[in-house]
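J.:
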Amino acid sequence: MDFISILSIFVMACFVGYYVVWSVTPALHTPLMAVTNAISSVIIVGALIASAAAGIGGGGATSKWLGLLAVVLASVNIFGGFAVTARMLAMYKKKVPAGAKH
Amino acid sequence: MARWTPAQGRGDGKGLKHVEHITVNPWASLAYLVAGVCFILALRGLSSPATSQRGNRMGIIGMTIAVVTTLIVHIPGDSPIVDHFGPLSGHQFVQPLGLPDFIVDWGTIGLIMAAIGIGATIGIVTARRIAMTDMPQLVAAFHSLVGLAAVLVAGAAYLNPTAFGIAIDGVIFAQSRIEMGLGVAIGAITFSGSVIAFLKLNGNMGGAPILLPGRHVINLGVLAAILGLVAYFTIDQSAWVFWTITVLSFVIGFLLIVPIGGADMPVVVSMLNSYSGWAAAAMGFTLHNTAMIITGALVGSSGAILSYIMCKAMNRSFISVIAGGFGGETATAGGPAKEQRPWKRGSAEDAAFLLEQAEQVIIVPGYGMAVSQAQHALREMGDKLKAHGVRVKYAIHPVAGRMPGHMNVLLAEANVPYDDVFELEDINSEFAQTDVAFVIGANDVTNPAAKTDKTSPIYGMPVLDVGKAKTVLFIKRSMGGVGYAGVDNDVFYMDNTMMLLGDAKKMVEEIVKSLD
């Protein structure tokens, strides 16, 4: 992919993000931050590439270990972020209509 | 995107020189695109609590697709045929499975799985154990991890650029150097800034702003140096340039957040959220990865919008928040207002009596409620009042608490139904028809000085008109303290205000007892 195609995707995604995020209800702004945190850890893709590469030479070996450490950090974020978001979202409950049983 | 065949090579015959951009497996690109779309749907789901859990699941699906695709395309292994471009390969360095003599490197696969396992355990245990009141700290900590991961990935890409397909014979493409330089800089700023934000939110570091003399000059100088070095990096890819950018960015992240006071934390947390997105996007540019670019853009704009909402809710410009120092001038701002004015003190029984008689009660929670963990007692009080036939509503100011939506989560945790909870603009007109406004641990967000006093530091900030209610019950620890802005609140001294002094949780529990 050339730079302009990538830039196009980026700019379009910024606009999508703008409209999607404005539609998020303010009551869910904390879960929004938690879930954006989790998905920004998609950076794990880069970490996996570095970890999987054959660690030949001095730079290669260091690169591999940096990648593995990044995999750990990003995994904390991914699992922690989605888990804590799920935990929060499960707490949001609608009003039980009067007369309805709990 | 087209499959590479030897006929396309126009290089040195070793099949290296033709690669001007990364050759990407089209199936992998498609999978990354799907992952990106899943992330968009994940945020879309948050438009209402009813669809939000489905949204979170979409996020998990997207992440799984991205990770599995990467693992398949970049399966660790070795083959005697070097620099082969196969139809299955994601990048030119990968030895596709289909090749003869391809040896899967199980050791590396084991290491990767172990790394994911360690991270997953830490993440899930933390997510289960964390108290909802500590959510701002947790989010700040998570931001710092994204930042550090971005730095590590950029570092790994710098040390082994061939593995990322961004170099020929060890010479990194100029464009990739800019992307990498910006990625490492934003990542490092996110990391050190979030660490400071975490320490402040967690109480390991005072919330008061720390102001260095000449900090604006220092900050601008460091920022200029970083940008200059990123530009210089395109002509010289020496290690010192890369690592100096990294170190200076760690320093600037620290310098930027240290002078920002506790009251501005909602903006800071949102801003760092945004930075973590831009860091991911910059690395996405380096790796030409659609999932990372889409996600980075989404998260970047999300954080930016939240920062904007928070700034507007405080009537502060983004620049003045960044410039820092808010909440530091308590002594000067509070000076003339320290006069002794008469105020009324009430007991829990008085409050219970007034609440019982009311037709409608609006509860205004603030950070103080979170600090004393009063949300459960508060919900119990609300239930009792409802049983007495009182209409109970909750009014949330956007900057109540330490992060966007903080109060809503705490109320949800205490089982307050979300349709009882209203935003500032939806409920502010109702105070005039309300019998009791019940303010618990909120101060600045109710201060009428924001409307009347042009000299007030909070002038222009939208506030909840609690004073318009027939009676105001104001729970406060003591009469001595003032809010983060350091401004006295006229509501304390109004004829229709009754001050309930004491710990918020204890006071509410006493009211609940008196309601029986």
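Chains as they are written, first to last, in my numbering: chain A, 77 to 178; chain B, 72 to 587. Note that beta-carbon positions come from the ideal geometry of N, C-alpha and C, so glycine has one too.
List the residues of chain A whose Cβ lies closer than 8 Å to the Cβ of M363 of chain B, in chain order.
T.: Chain A residues near M363 of chain B: V118, I119, V121, G122.
J.: List the residues of chain A whose Cβ lies closer than 9 Å to the Cβ of P330 of chain B, in chain order.
T.: Ordered by position in chain A, no residue passes the 9 Å Cβ test against P330 of chain B, which lies about 23 Å from the chain.
J.: Smallest Cα separation from I146 of chain B: which of B:G476, B:A99, B:P120?
T.: Closest by alpha carbon: B:A99.
J.: Once you ignore the five residues that flank V160 of chain A on each side, which residues in its own chain have a CB closer than 7 Å to its CB?
T.: Contacts found: A110.
J.: Which of the three DSSP states, helix, strand or coil, is assigned to T568 of chain B?
T.: Correct three-state label for T568 of chain B: strand.
J.: Is the separation between the beta-carbon of P469 of chain B and that of P102 of chain A shorter than 8 Å?
T.: Against a cut-off of 8 Å, the Cβ pair of P102 of chain A and P469 of chain B comes out as a contact.
J.: Are the C-beta of I154 of chain A and some C-beta of chain B separated by less than 8 Å?
T.: Closer than 8 Å to some Cβ of chain B, the Cβ of I154 of chain A qualifies, so yes.
J.: Within a Cβ cutoff of 6 Å, which residues of the same chain sit near I154 of chain A, ignoring the five residues on either side of it in sequence?
T.: If we look at I154 of chain A and ignore the five residues flanking it on each side, its Cβ neighbours are A114, S117.
J.: At a CB-CB cut-off below 7 Å, which residues of chain B make contact with I225 of chain A?
T.: Because chain A is modelled from 77 through 178, residue 225 of chain A falls outside the range shown and cannot be assessed.
J.: Work out the CA separation of E420 of chain B and I582 of chain B for me, nearest whole Å.
T.: Approximately 6 Å between the Cα atoms of the pair.
J.: Can you find a C-beta in chain A that's less than 8 Å from the C-beta of V224 of chain B?
T.: By this cut-off, V224 of chain B is an interface position.
J.: In its own chain, which residues sit with a C-beta less than 6 Å from the C-beta of A113 of chain B, not counting the 5 before and 5 after it?
T.: Once the five neighbours on either side are set aside, the close Cβ partners of A113 of chain B are G126, M129, G130.
J.: Could you spell out the range, first to last residue, of the beta strand (DSSP E) harbouring Y465 of chain B?
T.: Where Y465 of chain B is concerned, the enclosing beta strand (DSSP E) stretches over 462 to 467.
J.: What residues are listed by DSSP as bridge partners for L544 of chain B?
T.: BP columns for L544 of chain B point to B:F509, B:M569.
J.: Run through DSSP, which three-state label would V100 of chain A get?
T.: Three-state result, V100 of chain A: coil.
J.: Based on Cα-Cα distance, which residue from A:K171, A:I119, A:T138, A:M77 lies nearest to A121 of chain B?
T.: Residue A:K171 is the option with its Cα nearest to A121 of chain B.
J.: For G476 of chain B, which of helix, strand or coil comes out of DSSP?
T.: Looking at G476 of chain B - three-state DSSP - the assignment turns out to be coil, as it is neither helix nor strand.
J.: Would a check of beta-carbon distances place Y489 of chain B closer than 8 Å to chain A?
T.: Y489 of chain B counts as touching chain A.
J.: To the nearest whole angstrom, what separates the beta carbons of F563 of chain B and W349 of chain B, a pair I think is in contact under 8 Å?
T.: Going by Cβ atoms, the distance from F563 of chain B to W349 of chain B rounds to 43 Å, so no, they are not a contact pair.
J.: Counting C-beta neighbours from all protein chains within 10 Å, is the total for F110 of chain B 16 or more, i.e. buried, or is it exposed?
T.: Its Cβ being crowded by 16 or more others within 10 Å, F110 of chain B is buried.
J.: In three-state DSSP terms, what is M578 of chain B?
T.: M578 of chain B: helix per DSSP, three-state reduction.
J.: Give the C-beta separation of G589 of chain B and S378 of chain B to the nearest angstrom, bearing in mind that I take them to be a contact with Cβ-Cβ under 8 Å.
T.: Coverage of chain B is limited to positions 72 through 587, which leaves residue 589 of chain B absent and any answer about it impossible.
J.: For the alpha helix (DSSP H) containing E496 of chain B, name the first residue and the last one.
T.: Counting along the chain, the alpha helix (DSSP H) containing E496 of chain B begins and ends at 495 to 498.
J.: Comparing C-alpha positions only, which one of A:P107, A:I120, A:L142 sits nearest to N344 of chain B?
T.: Nearest C-alpha to N344 of chain B: A:P107.
J.: Applying a beta-carbon distance threshold of less than 7 Å, which residues of chain A neighbour A251 of chain B?
T.: For clarity, residue 251 of chain B is Met in the given sequence; the question names Ala instead. Within 7 Å Cβ-Cβ: nothing; M251 of chain B doesn't reach chain A, min ~11 Å.
J.: Can you grab the Cα-Cα spacing for the pair P533 of chain B / D559 of chain B, in whole Å?
T.: Roughly 17 Å separates the two Cα atoms.
J.: Given V492 of chain B, which residues of its chain have a CB within under 7 Å of its CB, disregarding the five upstream and five downstream residues?
T.: Closer than 7 Å at the Cβ level, and outside the excluded window around V492 of chain B, lie Y465, I467, N479, L482.
J.: How would you list, in chain order, the residues of chain A whose beta-carbon sits under 9 Å from the beta-carbon of L317 of chain B?
T.: Before going on, a small fix: residue 317 of chain B reads as Thr here, not Leu. Those do not exist, as T317 of chain B stays about 12 Å from chain A at its closest Cβ, beyond 9 Å.
J.: I267 of chain B lies in the alpha helix (DSSP H); which residues open and close that run?
T.: Segment 245 to 272, the alpha helix (DSSP H) holding I267 of chain B.
J.: Which chain A residues sit within Cβ distance under 7 Å of P469 of chain B?
T.: The contacting residues are P102.
J.: Going by alpha carbons, who is nearest to T505 of chain B out of B:V537, B:A422, B:G476?
T.: Checking every option, the nearest Cα to that of T505 of chain B belongs to B:V537.
J.: Span of the alpha helix (DSSP H) holding I195 of chain B?
T.: 177 to 200 is the span of the alpha helix (DSSP H), which, as asked, contains I195 of chain B.
J.: Could you name the residues of chain A that N127 of chain B contacts, counting a contact when the two beta carbons are closer than 7 Å?
T.: Neighbours of N127 of chain B on chain A, chain order: V111, F158, T161, A162, L165.
J.: Cutting at 7 Å between CB atoms, please list the residues of its own chain near L104 of chain B, excluding the five before and the five after it.
T.: Excluding sequence neighbours, L104 of chain B sits near T361.
J.: Could you tell me the distance, in whole angstroms, from the CA atom of Q124 of chain B to the CA atom of M354 of chain B?
T.: Distance between the alpha carbons of Q124 of chain B and M354 of chain B: 29 Å.
J.: Step through the CB atoms of chain E and report whether any lies within less than 8 Å of the CB of G439 of chain B.
T.: The structure shown contains no chain E; the protein chains it does contain are A and B.
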